[in-house]
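Numbering (this note's numbering), first residue to last: 2 to 272.
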């Protein structure tokens with residue numbers, strides 16, 4: 002997707018394998034010649050349920066939540082909000098949903114914990130913020146933005162990130178908040194596969210956590226262009242089922258999972 006701005010042609014890029022489900026209905030722009038031009042694109046990640054495997058109404062449920070997230074971010078832009086506002090608003094909706102591997106629906110690690118990664122970046126200033134391995138933060142994308150705006154750092158992880166969240170007055174939740182039966186059963190299947198692998202194919206006798214097959218990515222993200230011509234991007238994920246505790250994905254790494262630069266593009270990647 003390319004959007005004309007004062008600075009020329011700016012591409013808004015989504016790197017995702019779920020194009021058919023996500024991108025089709027998820028870009029808005031103002032067509033009025035007198036009003037400001039804005040744009041917003043979101044994605045719900047790769048590696049989730051295949052369309053052919055979805056039950057009756059499940060696809061509609063995914064689409065409805067994606068539309069809710071898109072509309073929320075779009076309204077933020079139409080009311081004069083920044084591209085950062087739109088990105089954060091859209092991603093918070095997806096983090097709060099029990100459908101995507103971010104926030105509420107995050108997958109389990111090999112240690113039966115939920116460890117979340119997120120990042121956000123502003124194209125005008127090239128400022129960025131990210132968090133990794135947080136276990137009690139309801140909306141990691143909002144914490145990533147606070148790291149960007151209220152700390153001298155770019156990336157905070159684990160207990161340090163959660164201490165920062167508490168100091169900033171963010172909502173922390175009990176780990177039970179992230180429990181869903183669907184993700185728990187995915188972990189059990191992955192552990193069964195791991196046990197079979199360790200009993201038959203591991204010559205060294207080491208216990209090696211085996212990632213889910215097929216992999217459950219489900220990362221969510223958004224890229225936006227606001228009325229001032231500024232770009233922003235954000236990404237949020239729970240990682241991969243049965244990952245080692247402490248594993249950090251590409252999602253909170255600036256330049257890998259997220260990037261925004263007014264001179265070039267805004268990118269949110271998954272898969």
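Think of the CB as a built atom: it goes at the ideal place given N, C-alpha and C, for glycine as much as any other residue. This one's a predicted model, so the numbers in the text were calculated from it and none came from an experiment.
Classify residue i as helix, strand or coil using the three-state DSSP reduction.
i, result
"residue 234", "strand"
"residue 173", "strand"
"residue 227", "coil"
"residue 116", "coil"
"residue 75", "helix"
"residue 103", "coil"
"residue 167", "helix"
"residue 161", "helix"
"residue 269", "strand"
"residue 87", "helix"
"residue 181", "coil"
"residue 47", "coil"
"residue 244", "strand"
"residue 40", "strand"
"residue 254", "coil"
"residue 92", "helix"
"residue 66", "helix"
"residue 264", "coil"
Spatial neighbours of residue i within its chain, please: CB distance less than 7 Å, with the 5 preceding and 5 following residues excluded, ordered by chain position.
i, result
"residue 152", "165"
"residue 100", "62, 63, 66, 106"
"residue 181", "99, 106"
"residue 247", "134"
Which same chain residues end up closer than 6 Å to residue i when comparing Cβ atoms and leaving out the 5 residues on each side of it in sequence?
i, result
"residue 240", "250"
"residue 69", "94"
"residue 139", "172, 174"
"residue 85", "123, 233"
"residue 1", "Outside the displayed span of the chain (2 to 272) sits residue 1, for which this structure offers no information."
"residue 98", "66"
"residue 257", "251"
"residue 179", "107, 115"
Between residue i and residue j, how many whole angstroms is the CB-CB distance? I'm expecting something under 8 Å.
i, j, result
"residue 96", "residue 261", "Actually they do not touch by this definition, with Cβ atoms about 19 Å apart."
"residue 231", "residue 91", "No, residue 231 and residue 91 are not in contact; Cβ-Cβ is about 16 Å, not under 8 Å."
"residue 1", "residue 252", "Residue 1 lies beyond the stretch modelled for the chain, which goes from 2 to 272, so this question has no answer here."
"residue 73", "residue 220", "Contact flag wrong, Cβ pair sits at about 19 Å."
"residue 119", "residue 141", "4 Å"
"residue 259", "residue 235", "6 Å"
"residue 133", "residue 158", "4 Å"
"residue 223", "residue 43", "4 Å"
Going by DSSP, what residue range makes up the alpha helix (DSSP H) through residue i?
i, result
"residue 148", "141-151"
"residue 155", "No alpha helix (DSSP H) contains residue 155, which DSSP labels as neither H nor E."
Please return the same chain residues whose Cβ sits closer than 8 Å to the Cβ of residue i, not counting the five positions on each side in sequence.
i, result
"residue 155", "129, 130, 131, 148, 149, 255"
"residue 109", "115, 184, 185, 187, 188, 242, 243"
"residue 113", "188"
"residue 143", "89, 93, 171"
"residue 160", "none"
"residue 26", "Residue confidence is low: residue 26 scores 34 on pLDDT, short of 50, so the model does not pin down where it sits. Its coordinate-derived value is still stated next. If we look at residue 26 and ignore the five residues flanking it on each side, its Cβ neighbours are 64, 67, 68, 71."
The beta strand (DSSP E) that contains residue i, what's its start and end?
i, result
"residue 134", "129-135"
"residue 110", "Premise fails: residue 110 is in no beta strand (DSSP E) and is neither H nor E."
"residue 259", "259-261"
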